[in-house]
Amino acid sequence: MSSAQAPLRDDGPPAADADGHTAPLIAFEGVSKTYVGRAGAVPVPALSGIDLAVPTGSVLGVIGRSGAGKSTLIRLVNGLERPSAGRVLVGGAEVSALGEGELRAVRARVGMIFQHFNLLSSRTAAGNVALPLEIAGRPRAAIRDRVAELLALVGLEAQAGRYPAELSGGQKQRVGIARALATAPDVLLSDEATSALDPETTRSILALLRRINRDLGLTIVLITHEMSVIRAVADRVAVLEHGRIVEQGDVFEVFTRPRAEITRTLLAAEMGLSLPPTLAGRLTAAPLAGAAAVLRIAFRGPHASDPIIARLARETGIEANILSGTVDEIGGQPFGSLAVSLPPGPDVTARAVAFLEAHGLVADLVGYLPRSEEDRRVA
Ligand SMILES: Nc1ncnc2c1ncn2[C@@H]1O[C@H](COP(=O)(O)OP(=O)(O)OP(=O)(O)O)[C@@H](O)[C@H]1O
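Note that UniProt numbering has the sequence shown beginning at 1, numbered continuously upward.
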């Protein structure tokens, strides 16, 4: 538990089973949500049959395209929405069955940060962080000390007296994080918290979230439409499509063995972005005449890809050109991806993909490169 206050459960720390696994802090059991709206309006199914368990102290990333149901899912955790069917449990309490009074107590244990920060423009950074403590009726001196502690935690001691209009986007989000942590919650919900930030600021905010998770043991659920966010901060990922979880698991497993089509597409999009800009800008979705197919190959371990490109050439006669390659880490494990272009010829793409997958790698077509560009690159 991150907090000095009573946890949501009043029976001590989460129960452990015989194998020492703790009960999930958040659980969705057969949850569906349909928005009914005005009389006569067509009901909108937003989530269907969601089963999800978020272990205490973990970071779950929920990814999906616009309209997939991400916001609905996160709003069910703090009771801002109620399910049409199923149960949502937080710390053993069935949020979906609580009355307004009890819900208020739960919400004090669940902090939230937002894409557009949602700060009060009339209050300073310190004033924004103090707000939840004032609402909770804390004594003035305790509020002052707690606000100073929180601003130090997010690296904003020097900005305490500044108004939101005088802060950068990253600083505003740091104030948002400090405010969300004010009542020492057990859970932090992040609704696209880095979507309005530039890449460098995004990295620093994600690093801050990771540090808070590690140092305070805070359980984090974040929603995003970017795989790079998941990779940077999450332990586990759930992929949502049309209101259903189509894939979930350990981030390393899902990145290196994506099963659902949507997961592969999202990973390929990220890979496309990590190509050198001159190449990425020339990548086309359609196979123009004479274009070279570009594959993304995911592999585990720093050297796992080296022999496979040589073997592809030797065993199938397909000579792939390496366009770019990265080796990264997910949760301390090396994970790499290569972009290669393939020579022209009948069935070359299908044969290459089949060969690579037969050797335990994941290969996805990310697009096509005009042959002249590809030749120039190789020359
Ligand atoms: N209050 C509401 N009333 C009616 N329909 C809604 C409401 N909120 C969301 N929806 C619908 O539910 C579906 C899921 O929406 P939701 O906002 O959860 O998706 P999302 O994945 O968060 O999308 P985005 O990334 O665009 O925010 C969409 O079809 C949306 O139009």
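Glycine included, each C-beta is placed from N, C-alpha and C at the ideal position.
Quick caveat: nothing in here was measured; it's all calculated off a predicted structure.
Leaving out five residues on either side along the sequence, give the residues of the same chain with a beta carbon under 7 Å from the beta carbon of residue i.
i           : result
residue 21  : For residue 21, the predicted structure reports a pLDDT of 48, less than 50, and the residue's modelled location is therefore unreliable. The matter cannot be settled from this model.
residue 262 : 239, 241 and 246
residue 369 : 279, 282, 283, 291, 292, 294 and 341
residue 18  : In this prediction, residue 18 has a pLDDT of 48, which is less than 50 and means its spatial position is unreliable; what the coordinates show is noted afterwards. There are no such residues.
residue 371 : 290, 291 and 292
residue 351 : 316 and 318
residue 70  : 62, 64, 223 and 240
Taking 8 Å as the cut-off, is the beta-carbon of residue i closer than that to any non-hydrogen atom of ligand 2?
i           : result
residue 280 : This structure simply doesn't include ligand 2; it includes ligand 1 instead.
Give me the Cβ distance between residue i and residue j, rounded to the nearest whole Å; I'm assuming they're in contact under 8 Å.
i           : j           : result
residue 66  : residue 33  : Actually they do not touch by this definition, with Cβ atoms about 17 Å apart.
residue 30  : residue 57  : Not really, about 25 Å apart at Cβ, beyond 8 Å.
residue 235 : residue 59  : 5 Å
residue 300 : residue 366 : No, residue 300 and residue 366 are not in contact; Cβ-Cβ is about 19 Å, not under 8 Å.
residue 322 : residue 348 : The Cβ separation is near 16 Å, so there is no contact.
residue 193 : residue 171 : The Cβ separation is near 13 Å, so there is no contact.
residue 147 : residue 129 : 5 Å
residue 39  : residue 72  : Actually they are not in contact, since the Cβ atoms of residue 39 and residue 72 sit about 21 Å apart, beyond 8 Å.
residue 179 : residue 131 : 7 Å
residue 264 : residue 364 : 5 Å
residue 169 : residue 201 : 6 Å
residue 183 : residue 142 : Not really, about 12 Å apart at Cβ, beyond 8 Å.
residue 25  : residue 54  : 6 Å
Take residue i and list the residues in its own chain whose beta-carbon comes closer than 6 Å to its own, dropping the five residues that flank it on each side.
i           : result
residue 187 : 110 and 219
residue 298 : 256, 337 and 362
residue 68  : 240 and 241
residue 121 : 164
residue 79  : 95 and 103
residue 222 : 61 and 190
residue 227 : 266, 267 and 270
residue 232 : 206
residue 360 : none
residue 36  : 43
Among the residues of its own chain, which have a CB less than 8 Å from the CB of residue i, if the five just before and after it don't count?
i           : result
residue 404 : Outside the shown range of the chain, which is 1 to 379, sits residue 404, and nothing can be said about it.
residue 249 : 236 and 237
residue 254 : 237, 239, 247, 248 and 263
residue 313 : 319 and 320
residue 197 : 169, 170, 173 and 205
residue 133 : 142, 143, 146, 147, 182 and 183
residue 329 : 335
Can you tell me which residues form a DSSP beta bridge with residue i?
i           : result
residue 94  : 89
residue 346 : Answer by DSSP bridge pairing: none, since residue 346 is not bridged.
residue 334 : 329
residue 411 : The structure shown does not extend to residue 411, since the chain is modelled only from 1 through 379, so no value can be given for it.
residue 189 : 112 and 221
residue 103 : Looking at the DSSP assignment, residue 103 forms no beta bridge with any residue, so it has no partner.
residue 340 : 295 and 322
residue 239 : 63 and 247
residue 369 : 292
residue 24  : 55
Counting contacts by CB-CB distance shorter than 9 Å, is residue i in contact with chain D?
i           : result
residue 129 : Absent here is chain D; the protein component of the structure consists of one chain.
Handout entry: Residues whose Cβ lies closer than 5 Å to any heavy atom of ligand 1, in chain order
Key = 35, 44, 46, 66, 67, 68, 69, 70, 71 and 72
Problem - Runs of alpha helix (DSSP H) lying entirely within the segment 106-186, each at least 4 residues, in chain order - result: 125-135, 140-153 and 169-181
Practice task
Taking only runs that begin and end inside the segment 242-304, name each unbroken beta strand (DSSP E) of 3 or more residues, in chain order.
Solution key: Note on the segment 242-304: whole beta strand (DSSP E) runs with a minimum of 3 residues are 244-250 and 292-300, in chain order.
Problem - Whole runs of the beta strand (DSSP E) within the segment 302-331, excluding any shorter than 3 residues - result: As far as the segment 302-331 is concerned, its whole beta strand (DSSP E) runs of at least 3 residues are 321-330.
Practice task
Only counting runs of 3 or more residues, tell me where the beta strand (DSSP E) segments fall wholly within the segment 196-236, in order along the chain.
Solution key: Here the runs fully enclosed are 219-224.
Practice task
Starting from the N-terminal side, write out each stretch of the alpha helix (DSSP H) that is 4 residues or longer and does not extend beyond the segment 26-77.
Solution key: 70-77
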